[in-house]
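The block underneath contains the structure these notes are about, expressed in structure tokens.
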Amino acid sequence: MAAPDRTGPAMAVAASGAASGDTIEPSVIARIMGLGSVFGKGLRDSRRGALIIGVLLGILVLITGSQISLEYNTAIERAALAAQMSGLPAVFQGMLGEPIRIETLGGFLSWRMFGFVPVMVGIWSIVALSGTLAGELARGSLDVLAGGPIGRRRLAIVKLGSHLVALAIAVLILAIATFITVVAFGTLPGDSLGIEAALGQAAWVFVATLVPGSVAFAVAPIVGRSSAIGVGALVLFVSFIVNGYGDLVPAFDAIRPLSYFDLTAGHRPLAGAWDWPALGLLAAIVAAVLAVGVVVFERRDLLVPSEGRQVVPRLDAWIMGPFTRSLGERLPAALAWGGALGLYGVVLATSADEFVAQLSQIPQVIEMIERFFPDADILSVGGFLQLAYFSEAIILVGLAAAFFVAGWASDEGERRIEMVMGAPVSRAEWAIRSSLGVMAAIAIMTLIIDLGIIVGARIQGEDGLGLALGVSVLGLYGMAVAGVGLAVGGLVRPGIAAVVVVSLTIGFYLLDLLGTILRLPDAIVGLSLNQHLGRPILGEFDGFGLVLCMALAFGGVALAALGMSRRDVGR
18 MAAPDRTGPA MAVAASGAAS GDTIEPSVIA RIMGLGSVFG KGLRDSRRGA
68 LIIGVLLGIL VLITGSQISL EYNTAIERAA LAAQMSGLPA VFQGMLGEPI
118 RIETLGGFLS WRMFGFVPVM VGIWSIVALS GTLAGELARG SLDVLAGGPI
168 GRRRLAIVKL GSHLVALAIA VLILAIATFI TVVAFGTLPG DSLGIEAALG
218 QAAWVFVATL VPGSVAFAVA PIVGRSSAIG VGALVLFVSF IVNGYGDLVP
268 AFDAIRPLSY FDLTAGHRPL AGAWDWPALG LLAAIVAAVL AVGVVVFERR
318 DLLVPSEGRQ VVPRLDAWIM GPFTRSLGER LPAALAWGGA LGLYGVVLAT
368 SADEFVAQLS QIPQVIEMIE RFFPDADILS VGGFLQLAYF SEAIILVGLA
418 AAFFVAGWAS DEGERRIEMV MGAPVSRAEW AIRSSLGVMA AIAIMTLIID
468 LGIIVGARIQ GEDGLGLALG VSVLGLYGMA VAGVGLAVGG LVRPGIAAVV
518 VVSLTIGFYL LDLLGTILRL PDAIVGLSLN QHLGRPILGE FDGFGLVLCM
568 ALAFGGVALA ALGMSRRDVG R
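Encoded structure:
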């Protein structure tokens, strides 16, 4: 008896097509969704991040705009707010830029919200563009794409194009949300704006976001993804900080023309200020850097060993076990991050006299600050560092922790874990000891930062040991967010460990920054870990927060070990 035909019509058509040699081409929609197209695959890989970033930023703009409209609903109240904000000393305006027409809703949004948006989105651009080619190369998936009928140059351009489209989608969502905010809540004279203002502001966000990402894209084929992230982050934050504190720190003012934030400072369409030539020049620079990245990728070797890239340490001490190997790989980055943040601390500490002189001339501002810092000596090096250094350095420390966690996770992501596990060591032991190497790298970075603070304080004639003790809380914070990332990497998968650390760092910062302005409930603002660190440089420590940081740090190490011992490795 013949077996029944179970193939059905679909299988019959497929079989006939295969027999005749016909190729079934995917539709346009299928290509956009990632089937049969390198561009579609790249866009599919980036779509979730683009949508999340665009929607979250849009919600922040809507919430901020609505609160400003409700709390300051008359021209007199809005003018008083503008006068108060414009009267703040440079240390408070450093991260926001020059207040231009902030008595209008668009001007306030461009000053309070959009000045920091390229930093938040820039971090995503750095991570994405550094891994667009180098990440797939390390995973070995690029070999499959390069083996097809497509040249390296076209492959690089198409992969780059998919990220540019994803970024454009996120920025377009932000522009639409901005326009809706102005239309819905712009009730006072001068608030009304056209869609061209929202699009012009979004164009600045798009180009400024790509600057550090393009640098990471250009150097990634040479130095690898992890180092490229560090280079891109350095360009982003040095440019941002130098521009923000140029009026306050003479050393920063001398190099401020090199900052791309300074170059485009006059382009604030929401505030009625346009500077298309400067933005066009910056766009041309970005295009040139991206072109360099394409050429570098086209000319380099794509071969990667089956166990991933192996770097043999020069010192035998770094191969004595998982701890020393992990620390040895993180040490150069720890020295670099610590040196940069320590130098930043030296420069700010030696500028304390100028800060005190400026602040002493504005008694109203002193009274306002004393409401937030009662019984604290704000007219001192410690007070200045708490205001100007601690609240900004905490972002950089969190990003440094993400960098270290990314290096830890790369053992599995870049397929070295199979060889590492060939040694006589259990998975749990490897996870604990290598994770402690990450914590040791953060501790070394913190020690170098402390040395910078001590040197700066000594120059001002003050004892820097107490200040350094307060700054050390930054290291504990870095260990806490790193512990969460390690736990996620061990329990779930390593590919998202660093992303979690970056997300927590930015989320905590924004919740702490905007929570007071938007007058959110204390229960919600208290979710930010930044709220539980006290004012340590001024000698005010939050015991609960310190214990919480230690619990997150070492609890994360324990959870990483538990996850590594129970799940499949390499997924």
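Here the sequence shown stands for residues 18 to 588, numbered as in our numbering. Note that the Cβ used here is the ideal one computed from N, Cα and C, for glycine as well. Bear in mind the structure is a predicted one, so any value in this text is a computation, not a measurement.
Collapsing the DSSP output to three states places residue 115 in coil.
DSSP places residue 204 outside any alpha helix (DSSP H), giving it a letter other than H or E.
Counting only the Cα atoms, residue 82 lies some 54 Å from residue 338. The shortest C-alpha to C-alpha distance from residue 473 to any of 547, 460, 453, 397 is the one to 397. Unbroken alpha helix (DSSP H) stretches of 4 residues or longer found wholly inside the region 410-465: 434-437, given in chain order. The bridge partners DSSP lists for residue 285 are 290.
When the five nearest sequence neighbours on each side are left out, the beta carbons in the same chain lying within less than 8 Å of the beta carbon of residue 541 are those of 528, 532, in order along the chain. In this structure, DSSP gives residue 552 an extended state, which the three-state scheme calls strand. Two segments are said to touch when three or more pairs of C-beta atoms, one from each, lie closer than 8 Å; by this definition the region 408-425 touches the region 243-255. Pairing residue 194 with residue 221, the inter-Cα distance amounts to about 16 Å. Following the DSSP letters along the chain, one finds residue 539 inside the alpha helix (DSSP H) bounded by residues 539-542. The count of Cβ pairs closer than 8 Å, one atom from the region 204-211 and one from the region 116-123, reaches three, so the stretches are in contact. Distance from residue 225 to residue 281 at the Cβ level is roughly 7 Å; contact confirmed, criterion being Cβ atoms closer than 8 Å. If you ignore the 5 residues before and after residue 495, its C-beta comes within less than 6 Å of the C-beta of 414, 418, 459, all in its own chain and listed in chain order. Bounds of the alpha helix (DSSP H) holding residue 581 are 560-583. Excluding the 5 residues flanking it on each side, residue 456 has same chain C-beta neighbours closer than 6 Å at 496, in chain order. Here the region 549-556 makes contact with the region 478-497; the two share three or more CB pairs at distances below 8 Å. Between the C-alpha atoms of residue 241 and residue 179 there is a straight-line separation of about 21 Å. Your pair residue 518 and residue 502 checks out as a contact, with CB atoms roughly 4 Å apart and the cut at 8 Å.
The C-alpha of residue 410 lies about 33 Å from the C-alpha of residue 214. Inter-segment contact for the region 140-149 and the region 284-291 is absent: fewer than three beta-carbon pairs are separated by less than 8 Å.
When rounded, the separation of the alpha-carbon atoms in residue 191 and residue 64 is 15 Å. When only Cα atoms are considered, residue 489 and residue 423 end up about 23 Å apart. In the three-state DSSP reduction, residue 120 falls in the coil class, being neither helix nor strand. By the CB criterion at 8 Å, residue 364 and residue 268 fall inside the cutoff. Annotation: the continuous alpha helix (DSSP H) that includes residue 229 extends over 212-240.
When DSSP states are grouped into helix, strand and coil, residue 479 belongs to the coil group.
Shown here for residue 526: same chain residues with a beta carbon closer than 6 Å to its own, the five before and five after excluded, namely 412 in chain order.
Residue range 55-88 is occupied by the alpha helix (DSSP H) that includes residue 74.
The Cβ atoms of residue 188 and residue 219 lie closer than 8 Å to each other. By alpha-carbon distance to residue 228, the top candidate from 297, 539, 561, 407 is 297.
In this structure, residue 234 sits near residue 177, with a CB-CB distance shorter than 8 Å. Relative to the Cα of residue 349, the nearest Cα in the group 370, 274, 406, 465 belongs to 465.
The C-beta separation of residue 434 from residue 574 comes to about 17 Å, leaving the pair out of contact by the 8 Å criterion. The residue from 347, 284, 75, 351 with its alpha-carbon nearest to that of residue 462 is 351.
Counted as a single uninterrupted DSSP element, the alpha helix (DSSP H) harbouring residue 346 occupies residues 339-366.
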